[in-house]
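If you use the working numbering, the sequence shown corresponds to residues 3 to 60, in order.
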Amino acid sequence: MTAKTGALLTPTGEEPREWQCLTCQYVVLSGTLPYKCPRCGASRVKFVVLGQSGEGGE
Ligand SMILES: [Zn+2]
């Protein structure tokens, strides 16, 4: 019975990630995939996630 008004819209489990544009190497910190690169305007398909947790391979 904890029906409180959601003052903070902070969905758990959705942490900000670093998205890097492969075209201009620009890095965007966002919880979701950027719509497009704010720097060069490349589409979202050009973005990759940096620092993926869980994989420490070389
Ligand atoms: Zn870019």
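Just so it is clear, CB atoms sit at the ideal spot from N, CA and C, and this is done for glycine as well.
Quick one: is CYS26 buried, meaning 16 or more other Cβ sit within 10 Å of its Cβ, or exposed? Here CYS26 is exposed. Its C-beta has fewer than 16 other C-beta atoms within 10 Å.
Can TYR37 be considered in contact with ligand 1, in the sense that its beta carbon sits closer than 7 Å to one or more heavy atoms? no
Is the Cβ-Cβ distance between GLN22 and VAL50 less than 8 Å? yes
Enumerate in chain order the residues of its own chain whose CB-to-CB distance from TYR28 is below 8 Å, with the five nearest sequence positions on each side excluded. GLN22, CYS39, PRO40, ARG41, CYS42
8 Å Cβ shell around PRO18 - same chain, five flanking residues per side excluded: LEU31, SER32, GLY33
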